[in-house]
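Peer 1:
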Amino acid sequence: MTGERVKRLDLAAVSSRSIEIQALMNPERMQGLGFGFALLPVLRRLYPAPEELARALKRHLTYFATHPVLAGYVLGVAARLEERRAAGEPIDDSEIDTAKRSLASPLAALGDPLFWVTLRPFAGLVGILGIVFVPSPYAVGPDLRVLLCPLLTLLTYNAVAWPYRVFAVARGYAHADRPGDILRSLDLAELNRALSRAGAFGFGVLLTAAWMTLDPASRAWGASVIARVASLAPLWIGGFIGFIGLKRWPGRGVEVGLAVLLVALLLAWIL
Amino acid sequence: MLPEMMSVAFLGGTLALDRNVGWSLMLSQPLVGACLAGILLAPGSDIEIWALRIPLGIGAILQLLLTDASLPAAQRPHDTATAGVVGTSVALLGMGHIDHDLAASASGLFWIVVGVAAGLLSAIAGGWVGRLHRARSRGDVARADRLAETGAVAAFERLYWGGILRSFALGAFWAWGASLLGVALLMACVPNLVAAATGPRVGFVFAALTGAGLAAGFHAHVRGRPKAWRWLALGVIVTLVLTTVLFRGAA
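Protein chains in written order, with my numbering: chain L, 887 to 1157; chain H, 32 to 282.
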């Protein structure tokens, strides 16, 4: 029993370490080693005796898996529980472990669809839309889109993700006794729905822009429909193989891309 | 070429950190990686326009093809982080050395196709390299437990920092090695392909890859998402209306 209290600086150190939580990720413990590593500044504060510190660290090297952006909430809750335990409250290992798991699983269930399935593709799409819509120099001078488009991708993703990252540990620490409040206040499902719709809208914009850019006759409305469709034959072929391939083998964009490349090379050679 | 390769290695290592360590800043997206590599490797002003557009083309197509909108557990173990860097490096370094052999009309698109091909192949092989890091991380579990049990907390921290350094080193080594290998293969093959790489042929392949990218984008943004078709249609209509209004205004 030390009676030490966690300081803001400790929580800030935990926040900064939480961004490296996956460095030793493995199937056996997932982010378990990273969790222990991130929590160390707090454990050092609460357990100055080396034996107690070692025991506390070992407690937090068990299996742990959640979304990396939201891991800070669980770290904050664990920091608060460890503080209470160090102050002499009867909190055992299993109680801390249960609190971690009960928060980590729903955060992963809400965070993965938002950040990996929706926001990440959307951020990439915004960067690609930048290529289409930001004016480019036609004669001389550097093409600044090479700087602007990745910046759009980075800003789109991080504008959503960083507020969660920066305040997660402090909020988890403050609401450690009411983890349900944390989950309710995040609005992750609503955000996911909104971004999903924005992604579909943005893809509609991209499709139209691609068609208007690549259709060589799109500004010559008098040309025959057959001629215009035929002029886009390679695009249709690639799109068809890509669509069927990814429908049959979801997530194998690399293999499907290589297949399209081979077919296109073959057809280009023959034709 | 040595300074350029050092830049490529540093960039590859940084992007590997973003993907593997948990930064998740999206630096490891193919579009971002390709553009950053383009900025680092931009050659002289005489071919600046194309040199900066090639990374955009490579990055956009790879971004669409490599965006896997599934949960991490269901994803294939491909290295999408360094694919954009390797693709752009191979294209720009190759262009700097052997561009004069190609017809000017096909030149830009040719290097985009080369970069996309290099990026796709690099994503597969990079996945194998990534397994080295994961295998070592698995071995670190027992070591971390032992260190915690013996109270060697500082040694545990060193072990963890070592894991971060290993991730950087593997990413850097892979980006460097794959780019070098790609440029070497290109220098060996391209002189034999000059006659065949005509403008229409290269354009055909480029358009097919763009089509595949758009199909992949459809799967990522529309398929299986509730009410996505309505929003897709709205996007199409808004773009058409705005374009028409803007064209009329300009006329």
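Cβ coordinates follow ideal geometry from the N, Cα and C atoms, glycine included.
1. Following the continuous alpha helix (DSSP H) through proline 1036(L), name the residue where it begins and the one where it ends.
2. Below 8 Å between beta carbons: does that hold for serine 59(H) and alanine 112(H)?
3. Please list, in chain order, all residues of the same chain as serine 168(H) whose beta carbon is under 7 Å from its beta carbon, the five residues on each side excluded.
4. Under a Cβ-count criterion, where at least 16 other Cβ atoms within 10 Å of its own Cβ denotes burial, should leucine 51(H) be classed as buried or exposed?
5. Mapping the DSSP letters down to three states, classify methionine 126(H) as helix, strand or coil.
6. Could you tell me the boundaries of the alpha helix (DSSP H) in which alanine 31(H) lies?
7. Is there a Cβ from chain L that is less than 8 Å from the Cβ of serine 38(H)?
8. Please list, in chain order, the chain H residues whose beta carbon lies closer than 7 Å to that of proline 936(L).
9. Does any residue of chain L have a CB that is nearer than 8 Å to the CB of valine 221(H)?
10. I'd like to know whether the C-beta atoms of phenylalanine 923(L) and glutamate 180(H) end up nearer to each other than 8 Å.
11. Under 8 Å, CB to CB, which of the residues in the region 965-999 of chain L have a partner in chain H?
12. Where does methionine 1098(L) fall in DSSP's three states?
13. Residues of chain L with CB under 7 Å from arginine 84(H), in chain order?
14. Which first and last residues belong to the alpha helix (DSSP H) in which isoleucine 1130(L) is found?
15. Residues of chain L with a CB under 9 Å from the CB of threonine 113(H): which are they?
16. By the three-class DSSP mapping on this structure, what secondary structure does methionine 916(L) have?
17. Which chain L residues sit within Cβ distance under 8 Å of phenylalanine 235(H)?
18. Got a sec? Which residues, its chain only, sit under 7 Å from valine 214(H) by beta carbon, not counting five neighbours each side?
19. On the criterion of 16 or more Cβ atoms from any shown chain inside 10 Å, does tryptophan 1155(L) qualify as buried, or is it exposed?
20. Give a yes or no on whether the minimum CB-CB distance between tryptophan 283(H) and chain L is below 8 Å.
21. Of all the CB atoms in chain L, is at least one closer than 8 Å to the CB of leucine 263(H)?
22. Measuring only between beta-carbons, confirm whether alanine 1075(L) sits less than 8 Å from chain H.
23. Hey, would you say serine 901(L) sits closer than 8 Å to valine 1052(L), going by beta carbons?
Peer 2: A quick look at the data gives this:
1. By 1-based counting over the first sequence, the position of residue 1036(L) is 150. 1031-1060 is the span of the alpha helix (DSSP H), which, as asked, contains proline 1036(L).
2. As a working mapping, residue 59(H) is identified with position 28 in the second sequence. As a working mapping, residue 112(H) is identified with position 81 in the second sequence. Contact flag set, yes.
3. Your numbering for residue 168(H) matches position 137 in the second sequence. These residues qualify, in order along the chain: Gly194.
4. Position 20 of the second sequence, counted from the first residue, corresponds to residue 51(H). Per the sequence shown, residue 51(H) should be read as asparagine rather than leucine. Buried, because 16 or more other Cβ atoms sit within 10 Å of the Cβ of asparagine 51(H).
5. Here the question's residue 126(H) lines up with position 95 in the second sequence. Helix, per DSSP.
6. Lying before the first or after the last residue shown, residue 31(H) is absent from chain H, which here runs from 32 to 282.
7. Along the second sequence, read from residue 1 onward, the residue named residue 38(H) stands at position 7. No, because no Cβ of chain L sits closer than 8 Å to the Cβ of serine 38(H).
8. In the first sequence, residue 936(L) corresponds to position 50, counting from 1. Neighbours of proline 936(L) on chain H, chain order: Gly182.
9. To locate residue 221(H), count along the second sequence from 1; it is residue 190. It does not: the Cβ of valine 221(H) has no partner Cβ on chain L nearer than 8 Å.
10. In the first sequence, counting from the first residue as 1, residue 923(L) sits at position 37. In the second sequence, counting from the first residue as 1, residue 180(H) sits at position 149. Contact: no.
11. Asp998 and Pro999
12. Walking along the first sequence from the start, residue 1098(L) turns up at place 212. The answer is helix: DSSP assigns methionine 1098(L) an H, G or I state.
13. Here residue 84(H) refers to the residue found at position 53 of the second sequence. Result: Asp1029.
14. As a position in the first sequence, residue 1130(L) is number 244, starting the count at 1. Segment 1119-1134, the alpha helix (DSSP H) holding isoleucine 1130(L).
15. Locating residue 113(H) in the second sequence gives position 82, where the first residue counts as 1. Result: empty, since nearest Cβ-Cβ is about 13 Å, beyond 9 Å.
16. Residue 916(L) sits at position 30 when you count from the first residue of the first sequence. Three-state result, methionine 916(L): strand.
17. If you number the second sequence from 1, residue 235(H) lands on position 204. Simply Pro1120, Ala1150, Leu1153, Ala1154 and Leu1157.
18. Translated into the one-based positions of the second sequence, residue 214(H) becomes position 183. Val121, Leu124 and Gly125, listed in sequence order.
19. Taking the first residue of the first sequence as position 1, residue 1155(L) is located at position 269. With fewer than 16 other Cβ atoms within 10 Å, it is exposed.
20. Nothing can be reported for residue 283(H): it is not among the residues displayed for chain H, which extend from 32 to 282.
21. For the purposes of this step, residue 263(H) is taken as residue 232 along the second sequence, with counting starting at 1. True, the Cβ-Cβ gap to chain L drops below 8 Å.
22. The sequence position of residue 1075(L) within the first sequence is 189, counting from 1. No - not a single Cβ of chain H is within 8 Å of the one on alanine 1075(L).
23. Taking the first residue of the first sequence as 1, we reach residue 901(L) at position 15. Taking the first residue of the first sequence as 1, we reach residue 1052(L) at position 166. Yes.
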